[in-house]
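Numbering (numbering that gives the first Met the number 0), first residue to last: 0 to 161.
Every residue, glycine too, gets a C-beta built ideally from N, C-alpha and C.
All of these numbers come straight from a predicted model, not from anything done at the bench.
What follows is a single structure, written as structure tokens, with notes after it.
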Amino acid sequence: MPLRDLRDRCEAAGLKNTQSLLATGNLIFETDLPEQKIHELLSGAIQSFGLANNVVLRRPDELAEVARRNPFPDAASDRPAKLLVLFLPAKAAPTAAAVIADRAGPERVSVSEREVYIDYREGVARSKLSPAFLERALQQSGTARNWNTLLKLRAASAKRED
0 MPLRDLRDRC EAAGLKNTQS LLATGNLIFE TDLPEQKIHE LLSGAIQSFG
50 LANNVVLRRP DELAEVARRN PFPDAASDRP AKLLVLFLPA KAAPTAAAVI
100 ADRAGPERVS VSEREVYIDY REGVARSKLS PAFLERALQQ SGTARNWNTL
150 LKLRAASAKR ED
């Protein structure tokens, strides 16, 4: 899905000053629409490309709070590409933290209400915490961003609020 086309469709549907960040499906925009309406609009735009990607929304203040609450500051400074935040569309299943902890190897994991912080100290490739496993444990699919990307999203969205 070309992000330029997605931006154009979102603008035509009522989102303002829509900008894509990186090539990973991140959109930053301005709107007064309620969250449910934004979700429907974005889902429809994505579906118009024949895709069924999950839509996860966060306001600039929420991104700043996710960064502030990072339980692994050493990973953020030492290996930011291996520190991932999994953003969830809804609250994590109550059993998720225990199920993930039972499966984790060298990874450090912290499950919050709508985010999961994972420090893949030895990398993602050989981890038992695969996307499929996490989806089952959390009882929903989300979207993950590494620490570098999160900081770029936070900075770009904060500029909109200034």
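Does Ala12 come within less than 8 angstroms of chain D when only Cβ atoms are used?
In the structure shown, chain D cannot be found, because there is only a single protein chain.
Is it buried or exposed for Ala97, if we count other Cβ within 10 angstroms and need 16 for buried?
As a working mapping, residue 97 is identified with position 98 in the sequence shown. Burial is judged here by how many other beta carbons sit within 10 angstroms of a residue's own beta carbon; Ala97 has fewer than 16 and is exposed.
Put Phe71 into one of helix, strand or coil per three-state DSSP.
By one-based count along the sequence shown, residue 71 stands at place 72. Per DSSP, reduced to three states, the secondary structure at Phe71 is coil, with no helix or strand assignment.
Would you say Val55 and Leu87 are within 8 angstroms of each other, going by their C-beta atoms?
Taking the first residue of the sequence shown as position 1, residue 55 is located at position 56. Taking the first residue of the sequence shown as position 1, residue 87 is located at position 88. For Val55 and Leu87, yes; Cβs fall inside 8 angstroms.
With respect to the alpha helix (DSSP H) encompassing Phe48, which residues constitute its N-terminal and C-terminal limits?
Along the sequence shown, read from residue 1 onward, the residue named residue 48 stands at position 49. Element bounds for Phe48: n/a, residue is neither H nor E.
Can the beta-carbon of Leu50 be found closer than 8 angstroms to that of Cys9?
Sequence index remark: in the sequence shown, residue 50 carries index 51 (1-based). Sequence index remark: in the sequence shown, residue 9 carries index 10 (1-based). No; because the gap between Cβ atoms is not below 8 angstroms, this pair is not in contact.
Provide the residue(s) that pair with Arg26 in DSSP beta bridges, ordered along the chain.
The residue given as residue 26 occupies position 27 in the sequence shown. Before going further, note that residue 26 is Leu rather than Arg in the sequence given. DSSP lists Ser19 as partners of Leu26.
At which residues does the beta strand (DSSP E) containing Arg107 begin and terminate?
The residue you call residue 107 lines up with position 108 of the sequence shown. Here the beta strand (DSSP E) through Arg107 covers Arg107 to Val110.
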